[in-house]
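Add 246 to the 1-based position in the sequence shown for this note's numbering, that's all there is to it. Structure, as structure tokens:
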Amino acid sequence: MTSTAVLKSEAYKLRSLNSTPWLLGITALVSLTLSGLAVRSPMEGEEPGLSEVLVGPAFAQFLIMVFASRSATMEFRTGTIWQSRLAVPSWTRLLLGKAGVIAALATLMGVLLGAGGVAIASVVAPEADVVPSSGLEWRQLLTLPVALAIVAVLSMAIGLILKSGGATIAVLLVWALVVEPALSATGDWLAGIDIGPWLPFLALSDFQGQSGGVSFPGGPYLACVYVAAVTAALLAAAIKVQDRREP
């Protein structure tokens, strides 16, 4: 089977899963609703702007992580992974194809959520200035698809390693929402160095220009390269683990 055929097969399998449309639909609905509410009711004393629009996509990132991890674990649960394995004798080609499809879909969702958030904001608060007017605002908007693609592949890799939907979701959410903030706050005291910038989700936040985060030593774009490298390493490890479990 050619690489193009692998990609088409993975895309077809993803479309055939019953959970795909409703998970992505819920993600879009929640994201657009939160964007609209944030623009309609900004923080006291602040004018609504692009930062409020991005409230929805920021939350949607976690739903994309759930979707991407389930795309891997559900295949083991339903057994469809073994049908694909018969057609594609290499775990590397098969799982790289799956990662490519997941990344492409997450990228598309990022584009739609960003554009949809701006459109919703223009409807619910026509007076709001949601059009990017600075380099930072353009970065916040344009890096959204890239960030979602990276976290989607990272989540898929963790799902491949753990093979359990519940365990994977728990690990991802605790990692992003509990472990990294805690290590960032105490890392200097525990290890004598500031490890916050080197934590993947916090580094990705710097790439996206989110306020109140950490600054990566090499700048935001190098932060993206760093997180992409971490994600690639996790995916390589997941493929290696799967190859050893079921050669």
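Note that the Cβ used here is the ideal one computed from N, Cα and C, for glycine as well. Small disclaimer: the values here were computed from a predicted structure and weren't measured.
key: Proximity below 9 Å, CB of G405 to CB of A318   = For the purposes of this step, residue 405 is identified with residue 159 of the sequence shown, where counting begins at 1. For the purposes of this step, residue 318 is identified with residue 72 of the sequence shown, where counting begins at 1. Result yes, Cβ atoms of G405 and A318 sit closer than 9 Å.
request  = Determine the direct distance from the alpha carbon of S330 to that of K254, and round the result to whole angstroms.
outcome  = As a working note, residue 254 is residue 8 in the sequence shown. As a working note, residue 330 is residue 84 in the sequence shown. C-alpha separation (whole angstroms): 12 Å.
inquiry  = Excluding the 5 residues flanking W384 on each side, which residues of the same chain have their C-beta closer than 8 Å to its C-beta?
reply    = Numbered from 1 along the sequence shown, position 138 holds the residue referred to as residue 384. Result list for W384: P378, in chain order.
request  = Give me the Cβ distance between G363 and P303, rounded to the nearest whole Å; I'm assuming they're in contact under 8 Å.
outcome  = Reading the sequence shown from its first residue, position 117 is the one you call residue 363. Reading the sequence shown from its first residue, position 57 is the one you call residue 303. With 8 Å as the limit, G363 and P303 qualify as a contact, their Cβ atoms being about 6 Å apart.
query = V417 and L408 look like a contact to me (Cβ under 8 Å); what is the Cβ gap, rounded to whole Å?
reply = Translated into the one-based positions of the sequence shown, residue 417 becomes position 171. Translated into the one-based positions of the sequence shown, residue 408 becomes position 162. Confirmed, about 7 Å.
message = Using C-beta distances below 8 Å, list every residue in its chain close to V276, excluding the 5 sequence neighbours before and after it, in chain order.
response = As a working note, residue 276 is residue 30 in the sequence shown. Excluding positions up to five away in sequence, the list reads G302, F305, A306 and L309.
query = Candidates G465, F313 and R339: which alpha carbon is nearest L263's?
reply = For the purposes of this step, residue 263 is taken as the residue at position 17 of the sequence shown. Comparing Cα-Cα distances from L263 to each of G465, F313 and R339, the minimum goes to F313.
task = Pull up the distance between the alpha-carbon of R464 and that of T266, whole angstroms please.
result = Taking the sequence shown and counting its residues from 1, one reaches residue 464 at position 218. Taking the sequence shown and counting its residues from 1, one reaches residue 266 at position 20. A quick correction: the sequence has Gly, not Arg, at residue 464. Distance between the alpha carbons of G464 and T266 is about 37 Å.
task = Buried or exposed for D489, please, with buried defined as at least 16 other CB atoms from any protein chain shown within 10 angstroms of its CB.
result = The residue labelled residue 489 in the question sits at position 243 within the sequence shown. Classification for D489: exposed.
inquiry  = Which same chain residues end up closer than 6 Å to L390 when comparing Cβ atoms and leaving out the 5 residues on each side of it in sequence?
reply    = In the sequence shown, residue 390 corresponds to position 144, counting from 1. Excluding residues within five positions, the ones whose Cβ falls inside 6 Å are P303, G356 and G360.
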